[in-house]
Amino acid sequence: MAQPKYIMNIEKVPHLSDEEKAKLKQITEKFVFRVNEYYLGLIDWGDPQDPIRKLVIPNEGELEEYGRWDASDEDTNYVVPGCQHKYDQTALLIVSEVCGAYCRYCFRKRLFRNDIKEAMSDVSPGIEYIRNHPEITNVLLTGGDSLILATRKLRKIIEQLREIPHVKIIRLGSKMPVFNPMRIYEDEDLHDLIREFSTPEQRIYVMAHINHPREITPEAKKGFEFLHNAGAIVVNQTPVLRGINDDPDVLAELLDKLSWAGVTPYYFFINRPVAGNNDFVLSLKEAYDAVEEAKAKTSGLGKRVRLSMSHTSGKIEILAIEDGKAYLKYHQSRDNNYGKFMVLDCPDDAAWFDDLPGNEQHWDAPKKKWDDFVGANEKLKEQAAPAPGK
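When you read off a place in the sequence shown, starting at 1, and then add 75, the result is the number in our numbering.
Rendered as structure tokens:
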């Protein structure tokens with residue numbers, strides 16, 4: 076199958092009416108748009124509520140005032156250009172500011188602004204930082220999408236990481252297995268790269284982003300098989316999103332199809348309160364109930380998934396929400412509070428940790444690790460501030 080053609084202009088999407096294109100154009104002027112012909116082909120254009128459509132076609136709710144550009148304060152985790160280090164064992168290299176398509180719920184949509192520069196084509200500062208920090212055993216290549224990079228570029232990065240003895244796991248954050256599976260299974264150089272550097276002692280993991288069972292097409296399954304045969308381990312993570320996958324039957328089908336394809340269900344996430352995400356918001360109670368109903372319909376393999384919030388202070392696992400209380404635990408912690416158990420009141424409309432009364436007693440505001448770095452929240456706040464004397 077030939078590589079699909081990419082579309083970066085909403086006016087070039089043939090399935091939309093002129094009226095729809097005119098209405099959506101103003102949204103794409105604020106939030107970037109990109110999709111490809113293969114993924115557009117998964118959409119039922121006769122259904123205005125089609126979940127695949129909602130994933131990549133802009134919605135008017137994106138212009139509503141909501142959230143922050145960097146809802147989890149990732150700017151405080153940068154240690155050198157292009158490298159974040161939030162948790163002791165794991166470092167992130169932001170290697171790309173491009174994706175196969177742009178999810179409308181994306182929590183890093185700030186990267187796609189022209190006035191924000193976080194991704195680095197030169198990863199040398201990050202590699203050197205990782206080399207000098209032996210506690211780092213895992214490195215995640217992300218962005219953007221790591222598999223949007225040419226394989227020769229990916230090889231250069233992975234070769235450097237494999238020269239560092241304490242880096243045991245390399246993770247590739249990607250939605251390409253479902254955005255453009257052909258990029259994966261038609262690239263023999265990628266197969267050779269993974270086969271060479273994913274060994275029984277030092278694995279490569281592909282952190283897939285599969286939001287809906289309809290994305291698991293025959294082409295996607297062929298891509299999974301390619302990755303498995305090359306020696307990669309594939310796991311999946313997705314936020315639970317209103318109108319896309321908040322139906323327990325849909326989530327259960329996703330868990331089943333992932334397990335059947337040999338893809339580990341890893342995380343269900345709470346939607347981050349990021350600018351433009353208002354239409355996707357579920358309350359914590361709604362998300363928890365949907366996930367629990369879904370898990371009741373699947374096997375123990377599907378039940379491995381965890382429901383978590385990627386909060387400024389860490390990954391907070393939602394253990395239960397019952398009788399107006401949220402039962403939570405730090406699954407990962409920026410401040411070494413791993414395992415800390417919390418019981419907080421949970422209002423019906425609470426949709427994030429910060430919405431829970433008393434949450435501030437359990438974490439401290441973050442401090443920058445790299446003072447010179449100016450993140451999206453800070454930069455855009457400065458831009459919005461009135462000029463002196465006005």
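We treat Cβ as the ideally placed atom computed from N, Cα and C, and that holds for glycine.
If you're wondering where the values come from, they're calculated on a predicted model, not measured in any experiment.
Check	Outcome
Euclidean distance between Cα positions of Pro422 and Asn189	38 Å
At least three beta-carbon pairs within less than 8 Å, the region 107 to 122 to the region 79 to 86	yes
Sub-8 Å separation of Ile308 and Tyr280 beta-carbons	yes
Pairwise C-alpha distance: Glu457 and Ala167	A quick correction: the sequence has Leu, not Ala, at residue 167. Each residue's Cα considered, the two are about 27 Å apart.
Cut-off 8 Å between Cβ atoms - residues of its own chain near Arg270, not counting five sequence neighbours on either side	Ala305 and Gly306
Rounded separation between Leu431 and Ile259 - CA only	42 Å
Inter-residue CB distance, Tyr177 and Val107 (contact presumed, cutoff 8 Å)	6 Å
Unbroken alpha helix (DSSP H) run spanning Lys360, endpoints	Leu359 to Lys370
Cutoff 6 Å; reference Met417; Cβ partners in own chain excluding five residues on either side	Leu403 and His437
Span separating the alpha-carbon of Gln101 from that of Pro123	19 Å
Beta-bridge pairing of Glu392 - partner residues as DSSP gives them	Ser383 and Lys404
Tyr180 - DSSP class collapsed to helix/strand/coil	coil
Segments assigned beta strand (DSSP E), at least 3 residues, entirely inside the region 160 to 220	165 to 169 and 213 to 217
Classification of Ser196 by the beta-carbon crowding that lies within 10 angstroms, buried from 16 upward	exposed
C-alpha distance - Leu138 paired with Asp322, whole-angstrom precision	25 Å
Extent of the continuous alpha helix (DSSP H) run through Pro123	Looking at the DSSP string, Pro123 is not in any alpha helix (DSSP H), and its letter there is neither H nor E.
Three-state class that DSSP yields for Val310 in the structure shown	strand
N-terminal and C-terminal residue of the alpha helix (DSSP H) that Ser334 is part of	Pro323 to Trp335
Closest residue to Ala451 among Asn311, Phe182 and Pro133 (Cα-Cα distance)	Phe182
Residues sharing a beta bridge with Leu419, DSSP	Ala401
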